[in-house]
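Undergrad: Protein chains in written order, with the numbering used here: chain A, 502 to 710; chain B, 502 to 710; chain C, 502 to 710; chain D, 502 to 710.
Just so you know, even glycine gets a beta-carbon here, dropped at the ideal spot from N, CA and C.
Since we're looking at a predicted model, the values are computed, not measured.
There are 4 protein chains.
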Amino acid sequence: MLVDTGRVRNQGADQSVTTRDAVLAAALAVFTEYTYGGTRIAQVAAAAEVAVGTIYRHFPSKEALGNAVYRQWKTQMLVDLRAAAGRAGVAGADSRAMVLALWRSTLDFAVRHPDAFRFLEYQQHGSYLDADARKVTDEIDAMCLAAITRGQAAGDIRAGDPGMLIAMLLGALVGLTRAYPGAPVPEAALAVAEQAVWAMLTSEAIDRS
Amino acid sequence: MLVDTGRVRNQGADQSVTTRDAVLAAALAVFTEYTYGGTRIAQVAAAAEVAVGTIYRHFPSKEALGNAVYRQWKTQMLVDLRAAAGRAGVAGADSRAMVLALWRSTLDFAVRHPDAFRFLEYQQHGSYLDADARKVTDEIDAMCLAAITRGQAAGDIRAGDPGMLIAMLLGALVGLTRAYPGAPVPEAALAVAEQAVWAMLTSEAIDRS
Amino acid sequence: MLVDTGRVRNQGADQSVTTRDAVLAAALAVFTEYTYGGTRIAQVAAAAEVAVGTIYRHFPSKEALGNAVYRQWKTQMLVDLRAAAGRAGVAGADSRAMVLALWRSTLDFAVRHPDAFRFLEYQQHGSYLDADARKVTDEIDAMCLAAITRGQAAGDIRAGDPGMLIAMLLGALVGLTRAYPGAPVPEAALAVAEQAVWAMLTSEAIDRS
Amino acid sequence: MLVDTGRVRNQGADQSVTTRDAVLAAALAVFTEYTYGGTRIAQVAAAAEVAVGTIYRHFPSKEALGNAVYRQWKTQMLVDLRAAAGRAGVAGADSRAMVLALWRSTLDFAVRHPDAFRFLEYQQHGSYLDADARKVTDEIDAMCLAAITRGQAAGDIRAGDPGMLIAMLLGALVGLTRAYPGAPVPEAALAVAEQAVWAMLTSEAIDRS
DNA sequence: CATGAATGAGGATTCATTCAT
DNA sequence: TATGAATGAATCCTCATTCAT
Numbered sequence: 502m503l504v505d506t507g508r509v510r511n512q513g514a515d516q517s518v519t520t521r522d523a524v525l526a527a528a529l530a531v532f533t534e535y536t537y538g539g540t541r542i543a544q545v546a547a548a549a550e551v552a553v554g555t556i557y558r559h560f561p562s563k564e565a566l567g568n569a570v571y572r573q574w575k576t577q578m579l580v581d582l583r584a585a586a587g588r589a590g591v592a593g594a595d596s597r598a599m600v601l602a603l604w605r606s607t608l609d610f611a612v613r614h615p616d617a618f619r620f621l622e623y624q625q626h627g628s629y630l631d632a633d634a635r636k637v638t639d640e641i642d643a644m645c646l647a648a649i650t651r652g653q654a655a656g657d658i659r660a661g662d663p664g665m666l667i668a669m670l671l672g673a674l675v676g677l678t679r680a681y682p683g684a685p686v687p688e689a690a691l692a693v694a695e696q697a698v699w700a701m702l703t704s705e706a707i708d709r710s
Numbered sequence: 502m503l504v505d506t507g508r509v510r511n512q513g514a515d516q517s518v519t520t521r522d523a524v525l526a527a528a529l530a531v532f533t534e535y536t537y538g539g540t541r542i543a544q545v546a547a548a549a550e551v552a553v554g555t556i557y558r559h560f561p562s563k564e565a566l567g568n569a570v571y572r573q574w575k576t577q578m579l580v581d582l583r584a585a586a587g588r589a590g591v592a593g594a595d596s597r598a599m600v601l602a603l604w605r606s607t608l609d610f611a612v613r614h615p616d617a618f619r620f621l622e623y624q625q626h627g628s629y630l631d632a633d634a635r636k637v638t639d640e641i642d643a644m645c646l647a648a649i650t651r652g653q654a655a656g657d658i659r660a661g662d663p664g665m666l667i668a669m670l671l672g673a674l675v676g677l678t679r680a681y682p683g684a685p686v687p688e689a690a691l692a693v694a695e696q697a698v699w700a701m702l703t704s705e706a707i708d709r710s
Numbered sequence: 502m503l504v505d506t507g508r509v510r511n512q513g514a515d516q517s518v519t520t521r522d523a524v525l526a527a528a529l530a531v532f533t534e535y536t537y538g539g540t541r542i543a544q545v546a547a548a549a550e551v552a553v554g555t556i557y558r559h560f561p562s563k564e565a566l567g568n569a570v571y572r573q574w575k576t577q578m579l580v581d582l583r584a585a586a587g588r589a590g591v592a593g594a595d596s597r598a599m600v601l602a603l604w605r606s607t608l609d610f611a612v613r614h615p616d617a618f619r620f621l622e623y624q625q626h627g628s629y630l631d632a633d634a635r636k637v638t639d640e641i642d643a644m645c646l647a648a649i650t651r652g653q654a655a656g657d658i659r660a661g662d663p664g665m666l667i668a669m670l671l672g673a674l675v676g677l678t679r680a681y682p683g684a685p686v687p688e689a690a691l692a693v694a695e696q697a698v699w700a701m702l703t704s705e706a707i708d709r710s
Numbered sequence: 502m503l504v505d506t507g508r509v510r511n512q513g514a515d516q517s518v519t520t521r522d523a524v525l526a527a528a529l530a531v532f533t534e535y536t537y538g539g540t541r542i543a544q545v546a547a548a549a550e551v552a553v554g555t556i557y558r559h560f561p562s563k564e565a566l567g568n569a570v571y572r573q574w575k576t577q578m579l580v581d582l583r584a585a586a587g588r589a590g591v592a593g594a595d596s597r598a599m600v601l602a603l604w605r606s607t608l609d610f611a612v613r614h615p616d617a618f619r620f621l622e623y624q625q626h627g628s629y630l631d632a633d634a635r636k637v638t639d640e641i642d643a644m645c646l647a648a649i650t651r652g653q654a655a656g657d658i659r660a661g662d663p664g665m666l667i668a669m670l671l672g673a674l675v676g677l678t679r680a681y682p683g684a685p686v687p688e689a690a691l692a693v694a695e696q697a698v699w700a701m702l703t704s705e706a707i708d709r710s
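1) Measuring only between beta-carbons, confirm whether residue 638/D sits less than 8 Å from chain C.
2) Taking a cut of 8 Å between CB atoms, which residues from the stretch 570-593 of chain D lie near chain C?
3) Give the interface partners of residue 669/C over in chain D, defined as CB-CB distance under 7 Å, in chain order.
4) CB residue 691/D to CB residue 607/D, shorter than 8 Å?
5) Could you tell me if residue 698/B is buried or exposed, where buried requires 16 or more neighbouring beta carbons within 10 angstroms of its beta carbon?
6) What residue from 677/C, 628/C and 583/C has the CA that sits closest to residue 642/C's CA?
7) Counting only C-beta atoms, is residue 655/C closer than 8 Å to chain D at any point?
8) Report back the beta-carbon spacing between residue 615/B and residue 678/B to the nearest angstrom; my notes put them in contact at under 8 Å.
9) Between which two residues does the alpha helix (DSSP H) holding residue 651/C run?
10) Can you have a look at residue 588/B and say buried or exposed, based on whether 16 or more other CB atoms are within 10 angstroms of its CB?
11) To the nearest angstrom, report how far apart residue 512/A and residue 618/D are at their CA atoms.
12) Does the Cβ-Cβ distance between residue 768/C and residue 525/C come in under 8 Å?
13) Counting only Cβ pairs nearer than 7 Å, list the residues of chain B close to residue 539/A.
14) What's the C-alpha gap between residue 592/A and residue 685/B?
15) Would you call the stretch 560-574 of chain B and the stretch 646-662 of chain B touching, i.e. three or more CB-CB distances under 8 Å?
16) Consult DSSP for residue 509/A and reduce its assignment to one of helix, strand or coil.
17) Do residue 519/A and residue 551/A count as a contact pair if the criterion is CB distance below 8 Å?
18) According to DSSP, simplified to helix, strand and coil, what is residue 557/B?
19) What is the DSSP secondary structure of residue 679/A, reduced to helix, strand or coil?
20) Which residues of chain D have a Cβ atom closer than 8 Å to the Cβ of residue 683/C, listed in chain order?
21) Determine the extent of the alpha helix (DSSP H) in which residue 602/B is found, giving its start and end residues.
22) Have a look at residue 534/B and residue 693/A and give me their C-alpha separation to the nearest angstrom.
23) Output yes or no for whether 8 Å exceeds the beta carbon distance between residue 669/C and residue 701/C.
24) Can you check whether the CB of residue 703/A is closer than 8 Å to the CB of residue 637/A?
25) On a Cα-Cα basis, can you pick out the residue from 597/B, 633/B and 574/B that is closest to residue 658/B?
26) Quick one: is residue 680/A near chain B, going by C-beta distance under 8 Å?
27) Contact criterion: CB-CB distance below 8 Å. Does residue 631/B meet it with respect to chain A?
28) For a contact defined as C-beta to C-beta under 8 Å, what are the partners of residue 567/B on chain A?
29) Thinking just about the alpha-carbon of each residue, which of 539/D, 546/D, 624/D and 540/D is nearest to the one in residue 522/D?
30) At a Cβ threshold of 8 Å, is residue 606/D touching chain C?
31) Using only the alpha-carbon positions, how far apart do residue 627/B and residue 562/A sit?
32) What did DSSP end up calling residue 583/B once you bin it into helix, strand or coil?
33) Can you confirm whether residue 512/C, when its beta carbon is compared against all beta carbons of chain D, has any partner nearer than 8 Å?
34) Residue 522/B by DSSP, collapsed to three states: which one?
35) How is residue 684/C classed by DSSP in three states: helix, strand or coil?
36) Which same chain residues end up closer than 8 Å to residue 609/B when comparing Cβ atoms and leaving out the 5 residues on each side of it in sequence?
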C-alpha cells in the first residue's frame, strides 16, 4: 500500500532528533493556542505529522512533554540572557546598560519566538512543572534580580521591590505581545515599548532629576 | 385563576439567588486556582457546598458557568470604571486626570478582588467566552481606548498605538499581582507601581521636556 | 404575589382525584410521544401543569406511574371487551359474532383512544410492568383466546395457534393506527381493515368453501 | 514521499472492520432486548467484549450507533427485497406474484434475523434516526407501495389505502414474531400466517367472486 | 522506531427522587 | 396538599496511555 507520509524522517542517524524536535515544535504551537491543559496529545501528534504512539517513544507522558517544551524555551531564554549579559559585562558596562541589555534580550526573544514567549509567560504552569524546569526559571529570575538590585544600588533604577519591578516589566511585555495576537509586534511599537518600560524603571530617578 | 401564593415564590427566588451566588463565588475561587479548563465541576460544587446537580439547576453547562463568572466580574469592573470616569468627568478633569482615574479604578479592583482580577486578566478565555461576555470586555476596551486617545490628543499621554499602551498597562498590573501570589499587594508596591506605570504613559512627554 | 395557576384544583373534596387524573392523562400523552423510558418526570409534570413533587404525592415512583397508566387503560379495554362480550352473549350469538364483537370493541378502543392504544400495544413494557398490570393483560388475553378457540371449534375461525392469530390481529391494528400518525383513522380505512382482518381469521374456511 | 507500508494499513483496517462489526452485532442484540433508550453504552461494550472507548472510536455517539444498526439492517432488508423483486420480475410474474415475493422476502427476513426485525419494526426510532436512515426506510416503503398499487390496478389486490395495507401487513408480521418471543416462529405458524395475510390483501376480490 | 486501535479511569451532564417551606 | 430547589447515583463521552503489529 502506498502512502505519502509527508516527510522524510526514517532515514539517517539524526532521525530521532528530527522527530523529537518536530514534536516539540508542534507541542509549542498547539499549547500556545489551546493551553497545555486544553490540548490533547492527538492534536500534538497531528500537528507534528506523527502517530500518537510516536510521541510516547520520545516523551514518557504529556506532563513530561510540557516540561520539555517549557525547559527548551526557558533554557533558550537563559542562554540568550547570558549572552547578552556577557556582552554587556565585557564592554564594562554600567548597571544601567546591563539592565537594558537584559531587557533587550527578552524583548528580542519575545519578537523572535512569540509563541514560545506566550507559552512561557502567559500560562499557569504551576500544575505540571517539575524541579528541572523550575531551576531554569529560578536562574533567570536570579539573574534579573541581581541586575535590578545592582542598578538600584547604583542609583540607575528606581527604588522598589525588585521582584515586583521585574514582574511588571515582564507583564508589560506579555501585554505587548497580547496586543498583536497572531502577528509580529510592529517595529514602531517596539520602540515605544522600550521607552515606556525604561521610563517605568527609572521614573523616580527622572522625577528626582 | 389568580391566587396569592404569598412568600412561596419569593422564597424560592431568594434561595435561588443565594445558591447561585454561592456557586459563582466558589467557581471564581476554584477557576482562579486551577484554571477554567483545569477545574472539575465537582470541585466547584464542593467549594460551594452544594451538590453537583445544583450547579446545573443554575447554569446549563460548565461553559455557561465560566461565562457567568467572567461576565459578573468584568461587568463589576465596567461599573467601577464608569463610576470613576463619572467622578472625574464631573470634576471637569483634564484627560490626564481621566486616565489616572481609570488606572486607579483598575488598580483598586485588582487590590480588592485579586481573585477576580487574576481570573479575568490572566487566563486564556478564548475557548469558551460567548458574545455577551465579549461585549462587556469590548465596552471596557473602548472606554480605555477613548481615554488614552483623548490624552494623546491633549498631549498628556505619549504617542503610540493606544491598544498597545493599554495592553502593557494591564500587563504590568497583572505582573504586579503575580509578584505577590496569594497575598494582597503591599501599599508601598502600589505607590511604586502607580508612579512606574504613569511614567510609562508619559515618558515621551517627559523626555521631550 | 398573584399567580395564575391555570386551573382550579385546590378546592372541593375530589381535588386529589382531579390532580391524579390530570397526571395520568398527561403521562399517557407524553409516554405515547416519547416512550416510557424516554420521558422525564418533569415533562409529565409540565404537561399536567403540576409541580414535580405533586406527582410523587400521587404515585410513589415513575415506575408506579407507568404501571398506573398501563393498568388504567388496559382495564378500560377489559371493561369494554366484557361489555361487548356481554352484549353478544345475551344476544345468544354464535362464536363468529362473539369474535367479531371483540374485534369491533378493540377497534373502537383504538379509534377512540389512539394514544392509549399505541401506548398499550406498541411499546416494550417488559421492564417495568408489575404483577397487577400483567394480571389485567392476562385476563384480556384469556378472553380473546377463549373466543378464538371456541370459534375454531365451531369451524367459524381458521385453524392455527390462537395466540398467534390474536397477536397478528392486534399487530395489524397497531399497524393501522401507525399508518395515520397523529390523526384519527379514517372511516373508510376502518371498513377496509375490518374486512381484511376478518378475512385473515377466516381465510381457510373461505378457501375450503 | 511515497512509502510502501505493507500490511500495516490493511491490518488496521481489517481489525477495525471486525471490531466495528462486533459492536454492531452486540448493539443489535442489546437494543432489541432493552430498547435503544434503555441500553447503556457499557452494556453494548460488554456484549461486544470491547472497552467503552472502543465503541467511540467507531461511532461518534450512541445516536450514531443506533443509526448505524438501523441502517445496516434496513439496508439488508432493502437488498433482500430488491433481490426478491428482481427474481419475480425476471420470471415475468404478475403483480400478484410480485406482492407475494415481497411478502415472502420480509417474512424470510423476520425468520432469519428475528432480532433485527424486532429492532427495526417494533420500536420508536423517531427520536434518533437521521436522514440517511430514513432514506433507506423511504425507499423500502416506496417499493412496497408501488407493488401494492400495481396489484390493485391489476385487480389482484383489494382496494384501500396502500400505505394502510402495508402497515397492517407489517403489523401482523410484527405480531407474529411477538407471539413467539425469544424463539423462532414455527413452520406451521408461518404457513398459517401467509394464508391469513394473503387473505387480508385479497379478501375483497374473494368476496366478489 | 513508528503506528494507531484499544483501553478504562475520569469528567461533564442528566434526572428520578426527596424535603423544607 | 402543593411546590420546586436540592441531591447524587447513573450515564454518556473524552483522552492519556499502552501494546500488538
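TA: On the basis of the data shown:
1) Counting from one through the fourth sequence, the residue named residue 638/D turns up at place 137. Cβ-Cβ to chain C under 8 Å: no for residue 638/D.
2) none
3) Here residue 669/C corresponds to residue number 168 of the third sequence, with the count starting at 1. Residues of chain D passing the Cβ test: 673, 676, 677, 694 and 697.
4) Locating residue 691/D in the fourth sequence gives position 190, where the first residue counts as 1. Locating residue 607/D in the fourth sequence gives position 106, where the first residue counts as 1. No. Outside cutoff.
5) Sequence index remark: in the second sequence, residue 698/B carries index 197 (1-based). Counting Cβ neighbours within 10 Å, residue 698/B comes out buried, since at least 16 surround it.
6) Position 141 of the third sequence holds residue 642/C. Taking only the C-alpha atoms, the option nearest residue 642/C is 583/C.
7) By 1-based counting over the third sequence, the position of residue 655/C is 154. With 8 Å as the cut-off, residue 655/C does not count as an interface residue toward chain D.
8) For the purposes of this step, residue 615/B is identified with residue 114 of the second sequence, where counting begins at 1. For the purposes of this step, residue 678/B is identified with residue 177 of the second sequence, where counting begins at 1. Between the beta-carbon of residue 615/B and that of residue 678/B there is about 6 Å, and that keeps the pair under the 8 Å contact cut.
9) Working through the third sequence from its first residue, we reach residue 651/C at position 150. Here the alpha helix (DSSP H) through residue 651/C covers 632-654.
10) Sequence index remark: in the second sequence, residue 588/B carries index 87 (1-based). Classification for residue 588/B: exposed.
11) Working through the first sequence from its first residue, we reach residue 512/A at position 11. Working through the fourth sequence from its first residue, we reach residue 618/D at position 117. Confidence in residue 512/A is poor, its pLDDT being 49 and thus under 50, which makes the residue's placement unreliable; the coordinate value appears in the next sentence. Going from the Cα of residue 512/A to the Cα of residue 618/D covers about 56 Å.
12) Summary: the structure shown does not reach residue 768/C, with chain C confined to residues 502 through 710, and so no result is reported for it.
13) By one-based count along the first sequence, residue 539/A stands at place 38. Going along chain B in sequence order, the residues near residue 539/A (Cβ under 7 Å) are 538 and 628.
14) Along the first sequence, one-based indexing puts residue 592/A at 91. Along the second sequence, one-based indexing puts residue 685/B at 184. Cα to Cα, residue 592/A sits roughly 41 Å from residue 685/B.
15) no
16) Along the first sequence, one-based indexing puts residue 509/A at 8. Reliability of the predicted coordinates at residue 509/A is poor, the pLDDT of 47 falling under 50, and no value is obtained from them.
17) Here residue 551/A refers to the residue found at position 50 when the first sequence is read from its first residue. Here residue 519/A refers to the residue found at position 18 when the first sequence is read from its first residue. Not closer than 8 Å, so no.
18) In the second sequence, the residue the question calls residue 557/B occupies position 56. Correct three-state label for residue 557/B: helix.
19) Residue mapping note: residue 679/A aligns to position 178 of the first sequence, counting from 1. Residue 679/A falls in the helix class under three-state DSSP.
20) Working through the third sequence from its first residue, we reach residue 683/C at position 182. Within chain D, no residue has its beta carbon less than 8 Å from that of residue 683/C; the closest one is some 11 Å off.
21) Locating residue 602/B in the second sequence gives position 101, where the first residue counts as 1. Run containing residue 602/B: 596-613, per the alpha helix (DSSP H) assignment.
22) Here residue 534/B corresponds to residue number 33 of the second sequence, with the count starting at 1. Here residue 693/A corresponds to residue number 192 of the first sequence, with the count starting at 1. Straight-line Cα distance between these residues: approximately 34 Å.
23) Looking up residue 669/C in the third sequence gives position 168. Looking up residue 701/C in the third sequence gives position 200. Contact flag set, yes.
24) Here the question's residue 637/A lines up with position 136 in the first sequence. Here the question's residue 703/A lines up with position 202 in the first sequence. It is not a contact, given that the beta carbons lie outside the stated cut-off.
25) For this step, residue 658/B is matched to residue 157 along the second sequence. Nearest of 597/B, 633/B and 574/B to residue 658/B, Cα basis: 597/B.
26) Numbered from 1 along the first sequence, position 179 holds the residue referred to as residue 680/A. So yes, residue 680/A belongs to the interface.
27) On the second sequence, position 130 is the one that residue 631/B refers to. It does not; no Cβ of chain A falls within 8 Å.
28) Residue 567/B sits at position 66 when you count from the first residue of the second sequence. Close partners of residue 567/B in chain A (Cβ separation under 8 Å) are lacking, with about 13 Å as the shortest Cβ gap.
29) As a position in the fourth sequence, residue 522/D is number 21, starting the count at 1. That would be 546/D, whose Cα lies nearest to the Cα of residue 522/D.
30) Walking along the fourth sequence from the start, residue 606/D turns up at place 105. Chain C has no Cβ within less than 8 Å of the Cβ of residue 606/D.
31) Here residue 627/B corresponds to residue number 126 of the second sequence, with the count starting at 1. Here residue 562/A corresponds to residue number 61 of the first sequence, with the count starting at 1. Going from the Cα of residue 627/B to the Cα of residue 562/A covers about 26 Å.
32) Taking the second sequence and counting its residues from 1, one reaches residue 583/B at position 82. In the structure shown, the three-state DSSP call for residue 583/B is helix.
33) Indexing the third sequence from 1 puts residue 512/C at position 11. Here residue 512/C scores only 48 on pLDDT, less than 50, and its place in the model should not be relied on; the value that follows carries that caveat. It does not; no Cβ of chain D falls within 8 Å.
34) By one-based count along the second sequence, residue 522/B stands at place 21. Here residue 522/B sits in helix by DSSP.
35) Position 183 of the third sequence holds residue 684/C. The answer is coil: DSSP assigns residue 684/C none of H, G, I, E or B.
36) Within the second sequence, the letter at position 108 stands for residue 609/B. Taken in chain order, the residues that qualify are 581.
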